[in-house]
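J.: What follows is a single structure, and I will ask about it in a moment.
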Amino acid sequence: MLFLLSCEFVLKAHLTQLLAIAAKTIVQNNGAPEVAELTILLERPKSAEHGDFATNLALVLAKPLKQNPRAIAAHIIANLPANDYIAKTEIAGAGFINFFLSAQSQQEVVKEILNAGAQYGRNNVGESKKVQVEFVSANPTGPLHVGHGRGAAVGDCLARLLDANGWDVTREFYYNDAGAQIDNLTISVLARCKGISTDDASFPENGYRGEYINDIAAAYLDKQTVVADDIQVTASGDIENLDSVRTFAVAYLRHEQDLDLKAFQIKFDVFSLESALYAEGKVEQTVQALIKSGHTYELDNALWLKTTDFGDDKDRVMRKSDGGYTYFVPDVAYHADKWNRGFVRVINEQGADHHSTITRVRAGLQALDAGIPKGWPDYVLHQMVTVMRGGEEVKLSKRAGSYVTLRDLIEEVGCDATRYFLAARRSDSQLVFDIDLARAQTNDNPVYYIQYAHARICSVLTQWGGNAAHFNDVDLTPLNNSHETALLQRLSTYPEIVANAATELAPHTIANYLKDLASDLHSYYNEYKFLIDDEAVKLARLSLISATGQVLKNGLNLLGVSAPERM
RNA sequence: GCCCCCGUAGCUCAGUGGAUAGAGCAUCCCCCUCCUAAGGGGAGGGUCACACGUUCGAUUCGUGUCGGGGGCACCA
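Just so you know, we're using numbering that gives the first Met the number 0 here: the first sequence kicks off at 0 and counts up by one.
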């Protein structure tokens, strides 16, 4: 498995070890036994002028040793054991130590990438442990909108990232198909079946008014059959039968959402239904378990859970005085079920409006006293998306009535651009989706910028026409100009980027990295030729861009964006 | 009133307890007889919202203030 770890990580470990040895010597010589534990900080400097790695070790040691940091830095360098990877060290600024790797150490990454191929950047941190990513989880009351799209792009990318870090990932979609909103959907469809228009006074006040409701009503009256996941429903056409309308409408919309997801190229492993939790008795079991735990009480004809025992600011109603359960009871039942299914880790990707449920769900799980860890499950919340076109906010879609649908976006700007734009921003900041920018086939558009870098590389390799398998034997020493050094350095950080993106649950860092890598490539491409007469230099350069193409492809794949060979 | 997220260049956004805070767009100037100009090079543009703390060092951490957004039901 060590093979999968990049040379980057191995190098870092080596360097850290060297530093630890040097630091210990110095600490002992100065008789400062209280510095028993040394946390060596070894970082990638922001600027290439500062080398491949830098450490603030001397700055940290300055205080306990009561010495000038630059003097300590000089001592550390003097005490570094002999090694092959460091070509040069220098003391900079207040006392940073910068390390410059030997050319050979830098070049090794090319072969590592070419050998690992699609595996480059992957690791086994997750040890094949089970993790579930729940995302989208839209109510089956309409087509998916932009907000769901953001959840879909971010959630799917998180799943890909965790997979790349060695986790056993399950993608899951949860349907709230049992609540008041479904009743609302049902009466809206029914009204349409009866020919009541949306501006008619007798149309349900809070009913759904999008055109799709009309489509459902027409299909229902037409006795059509719809398929969603593992169920198939045929409409009875009976406008007196509420249950029949409900079942059909839900199946119809689940099918619609399936089509939305398909257009977005997202696949789920499991669809869970709230109604199933009731049908299988899991909601009732959870209620009984909570009562048994002693954390509940009756008040005003309602059953309450003392969520304040677990950090909530007020207690929550479980069973309303009318006998029905509030939504959070099936939510707790659902998450208890996830735990029972063996997910050591669960990540819920949701809109920020779900913020208030986090404390409640966790409190409910704690109250069950089932050995579930306190901070379980994890949440990634994304903020609002606003859509702009021609400098104006777009608010309406014909199909949905009151919001921009995901499918509208995909049809207008394409799947790649939509996925990229929705995943390329930190999920906890608000996102402005600029349709004009996403459609632009120019350098304004980061998606094309990155894809173009990949296509350019493919184009050069195709025109060369040689056998890429021989890159393994190529002598890389001709790679020595600043563009090549920059690319080598960038390529070697990729595994670190992938690991950090997963740790921080931050897919957008992948997008940023790819933009930087593409920029390095374009810059190199403009400055140097590849198909040249000098065979040794040519092969070295072709190896380098081939490796670059591989990393671009691997990274784009993490975002779910294609890496075209021609544009 | 309480809770959460955000506030960085004209715009859209990265970034970080440390070295001169970055990129793209927009503006201005250059670069295709030559592997895709869907590209590259350069210039200008900043009180990192504000104030006070912690620190050798704060844009980054803490507290408060001001802005923007979201959430605070016996709705889901």
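Beta carbons: idealized from backbone N, C-alpha and C, even for Gly.
All of these numbers come straight from a predicted model, not from anything done at the bench.
Where does Gln440 sit, in a helix, a strand or coil, going by DSSP?
T.: It is coil, neither helix nor strand.
J.: Could you tell me the distance, in whole angstroms, from the CA atom of Ala35 to the CA atom of Phe420?
T.: Note on Ala35: pLDDT 48, under 50, position unreliable in the model; no value is reported.
J.: Could you check how far apart the C-beta atoms of Ala422 and Leu161 are, in whole angstroms? I think they sit under 8 Å.
T.: With a Cβ gap of about 14 Å, Ala422 and Leu161 do not count as contacting.
J.: Could you work out which residue in Tyr173, Asn78, Tyr211 and Phe247 is closest to Ala275 when comparing CA atoms only?
T.: Taking only the C-alpha atoms, the option nearest Ala275 is Tyr173.
J.: Quick one: grab the DSSP three-state call for Tyr447.
T.: The answer is helix: DSSP assigns Tyr447 an H, G or I state.
J.: For the 8 Å Cβ check, are there 3 or more pairs between the stretch 252-265 and the stretch 135-145?
T.: The answer is yes - the stretch 135-145 touches the stretch 252-265, with three or more Cβ pairs under 8 Å.
J.: So Arg593 is in the alpha helix (DSSP H); what residue range does that whole segment cover?
T.: Here the chain has residues from 0 to 566 only, and residue 593 is not among them.
J.: Could you give the distance in angstroms between the alpha-carbon of Phe2 and the alpha-carbon of Val124?
T.: At Phe2 the pLDDT is 29, less than 50, meaning the model places this residue with poor confidence and gives no usable figure here.
J.: Grab me the residues of Leu289's own chain with a C-beta within less than 8 Å of its C-beta, minus the 5 sequence neighbours each way, in chain order.
T.: Within the same chain, Leu289 has close Cβ partners Thr295, Leu304, Met317, Val331, Gly363, Ala366 and Leu367.
J.: If you run the structure through DSSP and keep just helix, strand and coil, what is Val168?
T.: Strand at Val168.
J.: Mark Val386 as exposed unless 16 or more other C-beta atoms lie within 10 angstroms of its C-beta, in which case mark it buried.
T.: By the 10 Å Cβ count, Val386 comes out buried.
J.: Quick one: what does DSSP say Glu48 is sitting in, helix, strand or coil?
T.: Glu48 falls in the helix class under three-state DSSP.
J.: For Gly310, which residues in the same chain have their Cβ closer than 7 Å to its Cβ, ignoring the five residues on either side in sequence?
T.: Within the same chain, Gly310 has close Cβ partners Thr358 and Ala362.
J.: Would the stretch 369-382 count as touching the stretch 397-405 if we require 3 or more Cβ pairs under 8 Å?
T.: No, because fewer than three Cβ pairs between the stretch 369-382 and the stretch 397-405 fall closer than 8 Å, the two stretches do not touch.
J.: How would you label Ile449, buried or exposed, when you count the other beta carbons within 10 angstroms and need 16 or more for buried?
T.: Classification of Ile449: buried, given that the 10 Å Cβ count is 16 or more.
J.: Between the C-alpha atoms of Leu41 and Thr54, what's the straight-line distance to the nearest angstrom?
T.: Going by the C-alpha atoms only, they are around 5 Å apart.
J.: Identify the residues that DSSP records as bridge partners of Gly350: which are they?
T.: Answer by DSSP bridge pairing, in chain order: His381.
J.: By Cβ distance below 6 Å, which residues in the same chain neighbour Arg253 in space, the five residues on each side in sequence not counted?
T.: Cβ within range, chain order: Pro139 and Ala227.
J.: Which residue spans inside the stretch 495-541 form an unbroken alpha helix (DSSP H) run of at least 4?
T.: Entirely contained in the stretch 495-541, the alpha helix (DSSP H) runs reaching 4 residues are, in chain order, 507-526.
J.: In whole angstroms, what is the alpha-carbon distance linking Tyr208 and Thr197?
T.: Note on identity: in this sequence residue 208 is Arg, with Tyr being the wrong assignment. Each residue's Cα considered, the two are about 6 Å apart.
J.: Run through the stretch 89-127 for me and flag every whole alpha helix (DSSP H) of 4 or more residues, listed as ranges in chain order.
T.: Within the stretch 89-127, the complete alpha helix (DSSP H) runs of at least 4 residues are 102-115.
J.: Enumerated in chain order, which unbroken segments of the beta strand (DSSP E) with a length of 3 residues or greater are wholly contained in the stretch 235-301?
T.: Qualifying beta strand (DSSP E) stretches, in chain order: 269-272 and 295-298.
J.: Count the other CB atoms within 10 Å of the CB of Gln16; is the residue buried (16 or more) or exposed (fewer)?
T.: Classification for Gln16: exposed.
J.: Assuming contact is defined by CB atoms lying nearer than 8 Å, are Gln103 and Leu487 in contact in what I supplied?
T.: Result no, Cβ atoms of Gln103 and Leu487 do not sit closer than 8 Å.
J.: Taking the alpha-carbon positions, what's the Glu33 to Leu58 distance?
T.: At Glu33 the pLDDT is 49, less than 50, meaning the model places this residue with poor confidence; the figure from the coordinates comes in the next sentence. So the two alpha carbons sit approximately 17 Å from each other.
J.: Note down, in chain order, each residue of its chain lying with its Cβ closer than 6 Å to the Cβ of Lys110, except the 5 sequence neighbours on either side.
T.: The answer is none, since no qualifying residue turns up.
J.: Can you grab the Cα-Cα spacing for the pair Lys261 / His13, in whole Å?
T.: Going from the Cα of Lys261 to the Cα of His13 covers about 46 Å.
J.: Distance, Cα to Cα, Glu526 vs Ala562?
T.: Taking the straight line from one Cα to the other gives about 24 Å.
J.: With a cut-off of 8 Å on the beta carbons, I'd call Gln549 and Gly116 a contact; round off their distance for me.
T.: Indeed, because the Cβ distance is near 6 Å, the residues count as touching under 8 Å.
J.: Where do the N-terminal and C-terminal ends of the alpha helix (DSSP H) with Ala218 fall, by residue?
T.: Ala218 -> alpha helix (DSSP H) spans Glu210 to Leu220.
J.: Once the 5 residues before and after His144 are set aside, which same chain residues still bring their CB inside 7 Å of it?
T.: Answer for His144: Ala399, Tyr402, Val403, Thr404 and Leu405, listed in chain order.
J.: Hey, how far is the Cα of Gly141 from the Cα of Tyr211?
T.: One C-alpha to the other measures close to 7 Å.
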